Structure formats: structure tokens, C-alpha cells
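Okay, so here's the structure we're looking at.
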Amino acid sequence: AQSVTQPDIHITVSEGASLELRCNYSYGATPYLFWYVQSPGQGLQLLLKYFSGDTLVQGIKGFEAEFKRSQSSFNLRKPSVHWSDAAEYFCAVGRQYGNQFYFGTGTSLTVIP
Amino acid sequence: GAGVSQSPSNKVTEKGKDVELRCDPISGHTALYWYRQSLGQGLEFLIYFQGNSAPDKSGLPSDRFSAERTGGSVSTLTIQRTQQEDSAVYLCASSLLAGNTDTQYFGPGTRLTVL
Chain W
7 AQSVTQPDIH
17 ITVSEGASLE
27 LRCNYSYGAT
37 PYLFWYVQSP
47 GQGLQLLLKY
57 FSGDTLVQGI
67 KGFEAEFKRS
77 QSSFNLRKPS
87 VHWSDAAEYF
97 CAVGRQYGNQ
107 FYFGTGTSLT
117 VIP
Chain P
2 GAGVSQSPSN
12 KVTEKGKDVE
22 LRCDPISGHT
32 ALYWYRQSLG
42 QGLEFLIYFQ
52 GNSAPDKSGL
62 PSDRFSAERT
72 GGSVSTLTIQ
82 RTQQEDSAVY
92 LCASSLLAGN
102 TDTQYFGPGT
112 RLTVL
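What follows is the structure in C-alpha cells.
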């Protein structure tokens, strides 16, 4: 069965510091991988997605993620965090053929001045 | 342009009552999803609509849950005989195309509280 694990429930970083949010997936075939962000009072917004090709994917707001098949990971990174990045981040996996998406439980990011 | 809208934004109901949650997808989007987000949980897939095809209901947790999509646009999620464990945020998303490659656009959600 497909599943997504986000090991870190909550992360606190200082503004300007680098960020890495972890995501591990379990899926037997080629996964479609996504990162979404949910800001307070806002709907989920897509940051980036990976289907195939270059394993380093660039997204909006300066985020990037790297797909590592050997580690079944799709970690999200940002070199310098801004206070406005404080939000909940969700990793998701979709099947190549199908309709369902499987979301992780999310990582809450706090940014301190 | 308008995004995905959901109503009501908040709903408080008593155990055993029925509730209807509404989703207005982005105009022209053919695919529509419903998810449930419980406290401390990730998003749980509930149901998927694609055009005139039969919906994928595989995520509905019980037969108390049902959904319909009229005219390929507005969708209503109905929960009958609500239970306290139904308390959650119900999210709707739409995408222009079918399948898992297209970006899903999410609504702000309906927060359901069952007393």
C-alpha cells in the first residue's frame, strides 16, 4: 500500500537559516510526488511536483526538492527561510495511474526572528 | 479569477444530524476531490469525480458519507447521522485535467464540529 511519512511533526528555524523537511514514501512503482503548503486560514497551495526527469525540482517561493529513489525520499529544502514561510507543509504521493493522493501528516514550521 | 470555494466555512451540528457541505470548483475544471483533515492527521482522500465518469468512492469511510456532483460543476458532500469522530476539516480540490499529473487547487475547507 502507498504511504507517506513525514518524520518531523514540528520544526523551528531562525529566519535566514536553511531548511530541510523530510518526506519518505512507500510505493512500488514510479511515484508522482508533491509538496503543498498550508498557511493559517489559507487553502493548500502546491509548491512543487515531480513526475520524472531531473531529480532536483524547483518550485515557487524559492523551494526545491530532490527525489532520491534509493532512499524513497523527496525532501523539501530552502536555503534561507523567511518569516512568511511559517506554515504547515504536506508531502503527497500519487499513483501514475489512478486518482488517489496520499498525504503525509504534515510538518509545522515555526520561524523565529 | 475565482478559486475553489466551499461553504459553509464552519458548521457545528449535533450528533445524529445530517450535514451537507458544498464545493464550487474552478470553472472548467473537470476533476474534483474531497478530502478530510482530522486534527494531527494528514489529508485523507474521500472521493474523486471526473467528468461524467463514475466517481471513485473508495475513500469514503462509511455508508453515512455520500457525495454528488451536479452538471459537472458544484459538488455536495453529505454526512448522515453525524458522529463525533466526523469532526474534521473537509477540503475540496479541483484540477483542470484528470489523473495525478495536474495541479490540484484547494478550497479553504469547511470545519465541521459534531457535538
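Chains W and P, in that order, give the protein sequences. Per this note's numbering, the first sequence starts with residue 7, numbered consecutively. Per this note's numbering, the second sequence starts with residue 2, numbered consecutively. From the three backbone atoms N, C-alpha and C, an ideal C-beta is built for every residue, glycine too. Keep in mind that this is a model prediction, so the values were computed, not measured.
Problem - Other residues of its chain near Arg82 of chain P: CB distance less than 6 Å, five sequence neighbours each side excluded - result: So the list reads Gly17, Arg65, once near-sequence residues are dropped.
Handout entry: Collapsed DSSP secondary structure at Ile118 of chain W in the structure displayed
Key = strand
Exercise for the section: Could you work out which residues of chain W lie near Val75 of chain P, taking near to mean beta carbons separated by less than 7 Å? Expected result: Here the premise fails: no neighbours, minimum Cβ distance about 17 Å.
Practice task
Identify whether Gly47 of chain W lies in helix, strand or coil by the three-state DSSP scheme.
Solution key: coil
Problem - chain W contact for Phe46 of chain P (CB, 7 Å cutoff) - result: yes
Handout entry: Cβ pair Thr79 of chain P, Val13 of chain P closer than 7 Å
Key = no
Handout entry: At least 3 beta-carbon pairs within less than 8 Å: the stretch 43-50 of chain W vs the stretch 20-33 of chain W
Key = When Cβ pairs closer than 8 Å are counted between the two stretches, the stretch 43-50 of chain W is seen not to touch the stretch 20-33 of chain W, the count staying below three.
Practice task
Have a look at Ser10 of chain P and Tyr36 of chain P and give me their C-alpha separation to the nearest angstrom.
Solution key: Taking the straight line joining both Cα atoms gives about 15 Å.
Exercise for the section: Indicate whether Leu54 of chain W and Val99 of chain W have their beta-carbon atoms separated by less than 7 Å. Expected result: No, these two residues do not count as a Cβ contact at 7 Å.
Problem - The beta strand (DSSP E) enclosing Val75 of chain P, as first and last residue numbers - result: Neither: Val75 of chain P is in no beta strand (DSSP E) and is coded neither H nor E.
Practice task
Work out the CA separation of Gly60 of chain P and Gln77 of chain W for me, nearest whole Å.
Solution key: 28 Å
Problem - Cβ-based contacts, 8 Å cut-off: residues of the stretch 107-119 of chain W near chain P - result: Phe107, Tyr108, Phe109, Gly110, Thr111, Gly112
Practice task
Inspect the beta-carbon positions of Ser79 of chain W and Glu94 of chain W and report whether they are closer than 7 Å.
Solution key: no
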